[in-house]
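Note sheet for the following structure.
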Amino acid sequence: MLKFVQDQIPKLDFKKAKKKPISIKCVQIDEPFEVETMEGRMKGKPGDWLMVGVNGEMYCCDAAIFKKTYDLCTDEK
């Protein structure tokens, strides 16, 4: 079985990929919250985002990670 360790990128033939631009639903929550995810219960901090994925799954996203990886859509599509 292969094992990979954080911060030790293996010498493999990696390719580049871009995440598809798929819109999801999200809302920023201003108080501590919990959400039941597919992996179990997840806790969000004030300012974190509650996300609803393409299959209706819910999860939370740290506010700093959201800022780095998401842009809010200006249209309603």
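When the count follows our numbering, it moves up by one through the sequence shown with no breaks and lands on 174 for the last residue. Positions of the beta carbon are idealized from the N, C-alpha and C atoms, including for glycine.
Count the other C-beta atoms from every protein chain shown that fall within 10 angstroms of the C-beta of G137, then say buried if there are 16 or more, exposed otherwise.
exposed
Quick check on F101: does DSSP put it in helix, strand or coil?
coil
Simplified DSSP assignment, three categories, for K142:
coil
Under the assumption that F163 contacts L147 (Cβ atoms under 8 Å), give the Cβ distance between them as a whole number of angstroms.
11 Å between Cβ atoms; not a contact.
Taking 9 Å as the cut-off, decide whether the C-beta atoms of Q125 and G153 are in contact.
no
Run through DSSP, which three-state label would K165 get?
helix
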